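Peer 1: Below is the structure I would like to discuss, written out as structure tokens.
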Amino acid sequence: MNSTELVRVVDPRDGTVLDDLAEQPTRALAPLAVELKRREQLFKGMRELVEAELTERVRKAGRRIMAAGDYELTVEAARQRAWDGDELELVLRELVDRGVLTAGELPDGLISRAPRVDGRAALRLLGMLIGSAKARVEECFTWETKGRPRLLITPSVALARVCPDCSGKGYTVQAGPGGMYAHNPCERCHGHGQLAGGEEER
Numbered sequence: 004m005n006s007t008e009l010v011r012v013v014d015p016r017d018g019t020v021l022d023d024l025a026e027q028p029t030r031a032l033a034p035l036a037v038e039l040k041r042r043e044q045l046f047k048g049m050r051e052l053v054e055a056e057l058t059e060r061v062r063k064a065g066r067r068i069m070a071a072g073d074y075e076l077t078v079e080a081a082r083q084r085a086w087d088g089d090e091l092e093l094v095l096r097e098l099v100d101r102g103v104l105t106a107g108e109l110p111d112g113l114i115s116r117a118p119r120v121d122g123r124a125a126l127r128l129l130g131m132l133i134g135s136a137k138a139r140v141e142e143c144f145t146w147e148t149k150g151r152p153r154l155l156i157t158p159s160v161a162l163a164r165v166c167p168d169c170s171g172k173g174y175t176v177q178a179g180p181g182g183m184y185a186h187n188p189c190e191r192c193h194g195h196g197q198l199a200g201g202e203e204e205r
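The following block contains the structure:
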């Protein structure tokens, strides 16, 4: 069974379930498609507003991960490499002179005369290198923020909270007898953190 077989089409205007689309007249499906697209855009806009507010709350708390009831909020910064074309050109000439690379191994159009670096080509070249040669090429780019951060909302472990001191490391604490907290092994690193106490973030 594929994913499309699990979806039932419901007309949001009156709640009618359309079990067999093949039997529906075209004149009825066309306005339904328009209405579904309109609502999809509306819901997308609302979701973006809510996610932006949640992202801002996590950032204001000075964290990357924060508990929110039965869910865990994780803010991942959107980044991309900003290559220095001049520096990369010098490094590649050095590597060719040293015999680490040959001129024929350099992708066409890697550096334009702007100079502009083809990031995909540079990344493929980076994957060919190891050790000091790779480190030299890595010096030719820096990470820069691209777009807005991505917010991940995932269900929390039952009764688990994010430890304030360990949240950035991925540790969790779970309620124990008498309202105290005892650490559970972190699913990410299987380690244990130090108890910090404190209330759950809201």
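Sequential numbering from 4 applies to the sequence shown in the numbering used here.
Where a beta carbon is used, it is the ideal one built from N, C-alpha and C, also for glycine.
These figures come from a predicted structure and were not determined experimentally.
Using a Cβ-Cβ cutoff of less than 7 angstroms, which residues in the same chain neighbour residue 78 once the five nearest sequence positions on both sides are dropped?
Peer 2: Closer than 7 angstroms at Cβ, skipping near neighbours: 58, 61, 62, 67, 152, 154.
Peer 1: Identify, in the order they occur along the chain, each residue of the same chain with its Cβ nearer than 8 angstroms to the Cβ of residue 81, setting aside the five sequence neighbours on each side.
Peer 2: Same-chain partners within the cutoff: 148, 149, 150, 151, 152, 153.
Peer 1: Give the range of the beta strand (DSSP E) segment to which residue 71 is assigned.
Peer 2: Per DSSP, residue 71 belongs to the beta strand (DSSP E) from 68-71.
Peer 1: What residues match up with residue 51 in a beta bridge as DSSP calls it?
Peer 2: According to DSSP, residue 51 bridges with nothing at all.
Peer 1: From 15, 131, 30, pick the residue whose C-alpha is nearest to that of residue 42; which is it?
Peer 2: Nearest of 15, 131, 30 to residue 42, Cα basis: 15.
Peer 1: Do residue 114 and residue 91 have their CB atoms nearer than 8 angstroms?
Peer 2: Against a cut-off of 8 angstroms, the Cβ pair of residue 91 and residue 114 comes out as a contact.
Peer 1: Distance, Cα to Cα, residue 25 vs residue 12?
Peer 2: Cα to Cα, the separation comes out at about 12 angstroms.
Peer 1: How long is the line joining the alpha carbons of residue 20 and residue 54, rounded to whole angstroms?
Peer 2: Between residue 20 and residue 54, the C-alpha separation is close to 30 angstroms.
Peer 1: Could you compute how far the alpha carbon of residue 122 sits from the alpha carbon of residue 139?
Peer 2: Going by the C-alpha atoms only, they are around 16 angstroms apart.
Peer 1: Mark residue 49 as exposed unless 16 or more other C-beta atoms lie within 10 angstroms of its C-beta, in which case mark it buried.
Peer 2: Result: exposed.
Peer 1: Tell me the rounded alpha-carbon separation between residue 86 and residue 109.
Peer 2: Between residue 86 and residue 109, the C-alpha separation is close to 16 angstroms.
Peer 1: From the DSSP output, which residues share a beta bridge with residue 21?
Peer 2: According to DSSP, which records beta bridges pairwise, residue 21 is partnered with 12.
Peer 1: What is the DSSP secondary structure of residue 120, counted as helix, strand or coil?
Peer 2: Strand at residue 120.
Peer 1: Where do the ends of the alpha helix (DSSP H) carrying residue 90 lie?
Peer 2: Per DSSP, residue 90 belongs to the alpha helix (DSSP H) from 88-101.
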